[in-house]
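Colleague: So the sequences go chain by chain: A and H. So the number in the working numbering is just where the residue sits in the first sequence, counting from 1, plus 6. So the number in the working numbering is just where the residue sits in the second sequence, counting from 1, plus 48. Just so it is clear, CB atoms sit at the ideal spot from N, CA and C, and this is done for glycine as well. No experiment lies behind these values; they were computed from the predicted model shown. Just dropping this structure here.
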Amino acid sequence: MAFEITRPGKSSLIVESPVMPMAGILGFGDVYRDLIQYEKLGAFVTAPVSYTPRSPANGQRVVPLDAGLLLHTGLPNPGISKVMGRYRSLWNSLPMPVILHIVATSLEHVRKCASRADAENAVDALEIGLNDDIEPDTAEQMIAAAVRNTEKPVLARIPSQNALELARAVADAGAGAVVACAPPRGVARSPLSGRLVDGRVYGPTIKPVALRLVNQLSRAIDIPIIGAGGIHSQQDARDFMDAGARAVQVDTAVWVQPKLIEYIARDLGGLVVTRTVGALPDEWHPGMGETERKAHEQQQSDADDDSAQNTPR
Amino acid sequence: MKEIRAIIERITRLNEHYQWLHLAVDAFHADIRAGQSLLARRLPERWDPYLREQWWPVATLNQMLIVERSGAEVYEPGEIVSLMGFVGQPFRYKRTLRNVLLIADNTPPSPFIMAIQTLLANRIAVTLVLSGSAANYPTAHLPPEVEVVVADDHLNWSNRVMTVGWADQVFATVAGDDEMGRMNAIWRIFSESRAEVPANYLFGVFQPLLPCGAGACAGCMLPLKQGETALVCMEGPAIDLSTVALPAPY
Chain A
7 MAFEITRPGK
17 SSLIVESPVM
27 PMAGILGFGD
37 VYRDLIQYEK
47 LGAFVTAPVS
57 YTPRSPANGQ
67 RVVPLDAGLL
77 LHTGLPNPGI
87 SKVMGRYRSL
97 WNSLPMPVIL
107 HIVATSLEHV
117 RKCASRADAE
127 NAVDALEIGL
137 NDDIEPDTAE
147 QMIAAAVRNT
157 EKPVLARIPS
167 QNALELARAV
177 ADAGAGAVVA
187 CAPPRGVARS
197 PLSGRLVDGR
207 VYGPTIKPVA
217 LRLVNQLSRA
227 IDIPIIGAGG
237 IHSQQDARDF
247 MDAGARAVQV
257 DTAVWVQPKL
267 IEYIARDLGG
277 LVVTRTVGAL
287 PDEWHPGMGE
297 TERKAHEQQQ
307 SDADDDSAQN
317 TPR
Chain H
49 MKEIRAIIER
59 ITRLNEHYQW
69 LHLAVDAFHA
79 DIRAGQSLLA
89 RRLPERWDPY
99 LREQWWPVAT
109 LNQMLIVERS
119 GAEVYEPGEI
129 VSLMGFVGQP
139 FRYKRTLRNV
149 LLIADNTPPS
159 PFIMAIQTLL
169 ANRIAVTLVL
179 SGSAANYPTA
189 HLPPEVEVVV
199 ADDHLNWSNR
209 VMTVGWADQV
219 FATVAGDDEM
229 GRMNAIWRIF
239 SESRAEVPAN
249 YLFGVFQPLL
259 PCGAGACAGC
269 MLPLKQGETA
279 LVCMEGPAID
289 LSTVALPAPY
């Protein structure tokens, strides 16, 4: 069942499933092809791409956390031209729309990346990754620059700080959807080097924060929201949909259990097809049968009570 | 890459620091070659610990895979683990290889144990240098043909110049606290001991933490000379140190 995950218009992104990987989780589309049925995913979000090449960060880049990890990569990539040259044919062969994730390094670079991507048939939409300290005015300018230079839908991935104002700003600028939110930044001590490492934090503990944010945004803006952050089960993904997300992005859970994203996609795919309009949340959970069984047991119990009361002593 | 479930059939303790797990695996995973590793996760699924662990195979036998693990970890026979692999490329040897030098600096030589069997079977002489904490590694289980040399914490050992000159190819693995810095120290030893360090001679066997093991996360990306990069999980673990942009010494 196809549905729109960006605002309606002449350029709208239509997907078959509301589940996709977060930027960078499946690299440039050549990762875990033997483990995941890509056909089940709604879209493919590429690894972050910048206008000019970026080198990997120095020193320790991975810090294991309790139930999660901190990752600091420096967003290394060879620049949009080389990326397009290397992956164009692969993206053309993917069975779902491709969303090019662009690192919003500067207004000029966003503009150039958008026009470069606009000419590519292999790219179906753009996701602009806004940095953590960005002001709403700058975010609005960045998204407006991208929107002006491409006919393709533009998604804005916003950080969790100041999310409400940023979401309003990017919606005003013409973003087709908001991806909420980018993994938060943190600092942790590497057990290997003993040094403090600054990076993005991933793991199931992020989910409550992201979920609250999605719920707030869904009431504050009228463009679709793609929920992201700490999704580690089918139930987590459903929680985001309940909170008002139109689709979800799954992050590092895929590295730990690659099949999980496919299971979530299968589960939410079923949800989209089978959920009744106006149904209560627990009516479409897999535990629905359980609910029915309990209701049946309760009815039986009530009936038994009634019959016991009616039995003459 | 494939993901399978394997059963720990037997556990052999080498000493208090190291143990071998005998895993029943499918035919595909029994085809693993020296240099390649697996990303393992213990079952039932929990999110803590989060990352998969890198497990180095030391031998394969009739759909049985033996991996080396720290003796501090507690495993039970019958336990089921999830394995993803293979990660990385097999070690590449020179055709004219006669003498190989393996160096483990403050880390166990686990990535080399499987290679030793292959090398000896091909009549190649093997010298294993254990430096720093690697000297705790038990060597009684190694074939007697392997020359084991214990070096100090600064990678000094007797006849070092002779050993370096004699080796046709060198593989070195180092502790993860400052992997690039330690690789740089190895590079300096060889560049000081030889007129030149040719290409395909001195390989660093890198063991960074591997969140994805498939080239997506860039957590294991190495900077190479001329602005290029290499992914340890895809092109490694053995990377020619003459191509790596090693940091300047402190």
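For G229(H), report the span of its beta strand (DSSP E) as first-last.
Modeller: Stepping through the second sequence from its first residue, residue 229(H) is reached at position 181. Run containing G229(H): none in the beta strand (DSSP E); it sits in the alpha helix (DSSP H), 227-241.
Colleague: For R100(H), decide whether its Cβ has a neighbour in chain A, counting only Cβ atoms nearer than 9 Å.
Modeller: Taking the first residue of the second sequence as position 1, residue 100(H) is located at position 52. Chain A, which has a Cβ nearer than 9 Å to the Cβ of R100(H), makes this yes.
Colleague: With a Cβ-Cβ cutoff of 9 Å, do M28(A) and V256(A) count as a contact?
Modeller: The count along the first sequence starts at 1 and reaches residue 28(A) at position 22. The count along the first sequence starts at 1 and reaches residue 256(A) at position 250. Contact: yes.
Colleague: Comparing the C-beta of A73(A) with each C-beta of chain H, is any distance below 9 Å?
Modeller: As a working mapping, residue 73(A) is identified with position 67 in the first sequence. It does; some Cβ of chain H falls within 9 Å.
Colleague: Check whether the stretch 31-44 of chain A touches the stretch 180-200 of chain A, counting contact only when three or more Cβ pairs, one atom from each stretch, lie closer than 8 Å.
Modeller: With the cut-off at 8 Å, the stretch 31-44 of chain A and the stretch 180-200 of chain A do not touch.
Colleague: What first and last residue would you give for the beta strand (DSSP E) that runs through D204(A)?
Modeller: Stepping through the first sequence from its first residue, residue 204(A) is reached at position 198. Looking at the DSSP string, the run of the beta strand (DSSP E) that includes D204(A) is 202-208.
Colleague: Under a three-way DSSP split, which group does S307(A) fall into?
Modeller: Numbered from 1 along the first sequence, position 301 holds the residue referred to as residue 307(A). Looking at S307(A) - three-state DSSP - the assignment turns out to be helix.
Colleague: Between the C-alpha atoms of M112(H) and P62(A), what's the straight-line distance to the nearest angstrom?
Modeller: On the second sequence, position 64 is the one that residue 112(H) refers to. On the first sequence, position 56 is the one that residue 62(A) refers to. Cα to Cα, M112(H) sits roughly 38 Å from P62(A).
Colleague: Under 8 Å by Cβ, that's how I've got C265(H) and V135(H) pegged, so tell me the actual separation to the nearest angstrom.
Modeller: Mapped onto the second sequence, residue 265(H) falls at position 217. Mapped onto the second sequence, residue 135(H) falls at position 87. Wrong, their Cβ atoms sit about 13 Å apart, outside the cutoff.
Colleague: Are R58(H) and P125(H) closer than 9 Å when you measure CB to CB?
Modeller: If you number the second sequence from 1, residue 58(H) lands on position 10. If you number the second sequence from 1, residue 125(H) lands on position 77. Yes, Cβ-Cβ distance for R58(H) and P125(H) is below 9 Å.
Colleague: With three or more beta-carbon pairs closer than 8 Å as the criterion, would you say the stretch 180-187 of chain H touches the stretch 138-150 of chain H?
Modeller: No: the two stretches stay apart, fewer than three of their Cβ pairs being nearer than 8 Å.
Colleague: Along chain H, in chain order, which residues have C-beta atoms closer than 7 Å to that of R328(A)?
Modeller: Nothing in the structure corresponds to residue 328(A), since chain A is present only between 7 and 319.
Colleague: If you scan the stretch 121-180 of chain A from start to end, which runs of the beta strand (DSSP E) of 3 or more residues do you find wholly inside it?
Modeller: Counting only runs of 3 or more, we get 131-135, 160-164.
Colleague: Run down chain H in chain order and give the residues with a C-beta less than 7 Å from the C-beta of G235(A).
Modeller: Your numbering for residue 235(A) matches position 229 in the first sequence. Chain H residues near G235(A): none, gap ~15 Å exceeds 7 Å.
Colleague: Please check if any C-beta of chain H sits within less than 9 Å of the C-beta of T79(A).
Modeller: Translated into positions along the first sequence, residue 79(A) becomes position 73. Interface residue, yes.
Colleague: Per DSSP, F219(H) forms a beta bridge with which residues?
Modeller: Position 171 of the second sequence, counted from the first residue, corresponds to residue 219(H). F219(H) is bridged to L150(H), F251(H).
Colleague: Does the CB of P214(A) have a neighbour CB from chain H at under 9 Å?
Modeller: Counted from its first residue, the first sequence places residue 214(A) at position 208. No, its Cβ sits nowhere closer than 9 Å to a Cβ of chain H.
Colleague: Are the C-beta of L32(A) and some C-beta of chain D separated by less than 9 Å?
Modeller: Within the model displayed, chain D is absent; protein chains A and H are what it includes.
Colleague: DSSP puts M90(A) in a beta bridge; with which residues?
Modeller: Here residue 90(A) refers to the residue found at position 84 of the first sequence. Beta-bridge pairing links M90(A) to no other residue.
Colleague: Determine the contact status of E157(A) and S23(A), defining contact as a CB-CB distance below 9 Å.
Modeller: Reading the first sequence from its first residue, position 151 is the one you call residue 157(A). Reading the first sequence from its first residue, position 17 is the one you call residue 23(A). No.
Colleague: Relative to the C-alpha of V109(A), which candidate in L96(A), Y93(A), P82(A), R94(A) has its C-alpha closest?
Modeller: Reading the first sequence from its first residue, position 103 is the one you call residue 109(A). Ranking the options by Cα distance to V109(A), first place goes to P82(A).
Colleague: So, helix, strand or coil for M4(A), using DSSP?
Modeller: Not covered by the structure: residue 4(A). The range shown for chain A is 7 to 319.
Colleague: Just reading off the beta strand (DSSP E) that W104(H) is part of, what are its end residues?
Modeller: Along the second sequence, one-based indexing puts residue 104(H) at 56. That run of the beta strand (DSSP E) goes 101-109.
Colleague: Does chain H have any CB closer than 9 Å to the CB of S199(A)?
Modeller: Taking the first sequence and counting its residues from 1, the one referred to as residue 199(A) is at position 193. Yes, its Cβ sits closer than 9 Å to a Cβ of chain H.
Colleague: Output yes if chain H places a C-beta closer than 9 Å to the C-beta of N64(A); else output no.
Modeller: The residue you call residue 64(A) lines up with position 58 of the first sequence. Yes, because at least one Cβ of chain H sits closer than 9 Å to the Cβ of N64(A).
Colleague: Assign A183(A) to one of three DSSP states: helix, strand, or coil.
Modeller: As a first step, residue 183(A) must be located in the first sequence, where it is residue number 177. Note: A183(A) maps to strand in three-state DSSP.
Colleague: Using 10 angstroms around the beta-carbon of I128(H), count the other beta-carbons present and answer buried if the total reaches 16, otherwise exposed.
Modeller: Reading the second sequence from its first residue, position 80 is the one you call residue 128(H). Looking at its Cβ environment, which holds fewer than 16 other Cβ atoms inside 10 Å, I128(H) is exposed.
Colleague: Using the C-alpha atoms, what's the distance from P259(H) back to C268(H)?
Modeller: Position 220 of the second sequence, counting from 1, holds the residue named residue 268(H). Position 211 of the second sequence, counting from 1, holds the residue named residue 259(H). Cα to Cα, the separation comes out at about 9 Å.
Colleague: Does H291(A) come within less than 9 Å of chain H when only Cβ atoms are used?
Modeller: For the purposes of this step, residue 291(A) is identified with residue 285 of the first sequence, where counting begins at 1. Only weak support exists for where H291(A) lies, its pLDDT of 47 falling under 50; the value from the coordinates is given anyway. So, not an interface residue.
Colleague: Report yes or no: is there a C-beta of chain A within less than 9 Å of the C-beta of A72(H)?
Modeller: Against the second sequence, residue 72(H) aligns to sequence position 24. Not one chain A Cβ lies under 9 Å of A72(H).
Colleague: Could you round the C-beta distance between P325(A) and I212(A) to whole angstroms and report it? I think they count as a contact, below 8 Å.
Modeller: Outside the displayed span of chain A (7 to 319) sits residue 325(A), for which this structure offers no information.
Colleague: Between the alpha carbons of G213(H) and N207(H), how many angstroms are there, rounded?
Modeller: Position 165 of the second sequence holds residue 213(H). Position 159 of the second sequence holds residue 207(H). C-alpha separation (whole angstroms): 10 Å.
Colleague: Assign L100(A) to one of three DSSP states: helix, strand, or coil.
Modeller: For the purposes of this step, residue 100(A) is identified with residue 94 of the first sequence, where counting begins at 1. Three-state DSSP puts L100(A) in coil, outside helix and strand.
Colleague: With T175(H) as the anchor, note down where its alpha helix (DSSP H) starts and where it stops.
Modeller: Walking along the second sequence from the start, residue 175(H) turns up at place 127. Per DSSP, T175(H) belongs to no alpha helix (DSSP H); it is in the beta strand (DSSP E), 173-179.
Colleague: Flag this pair as yes or no: are the beta carbons of L170(A) and V185(A) separated by less than 9 Å?
Modeller: For this step, residue 170(A) is matched to residue 164 along the first sequence. For this step, residue 185(A) is matched to residue 179 along the first sequence. No.
Colleague: With H, G and I counted as helix, E and B as strand and the rest as coil, what does DSSP make of N66(H)?
Modeller: As a position in the second sequence, residue 66(H) is number 18, starting the count at 1. The question names Asn, yet the displayed sequence has Tyr at residue 66(H). Here Y66(H) sits in strand by DSSP.
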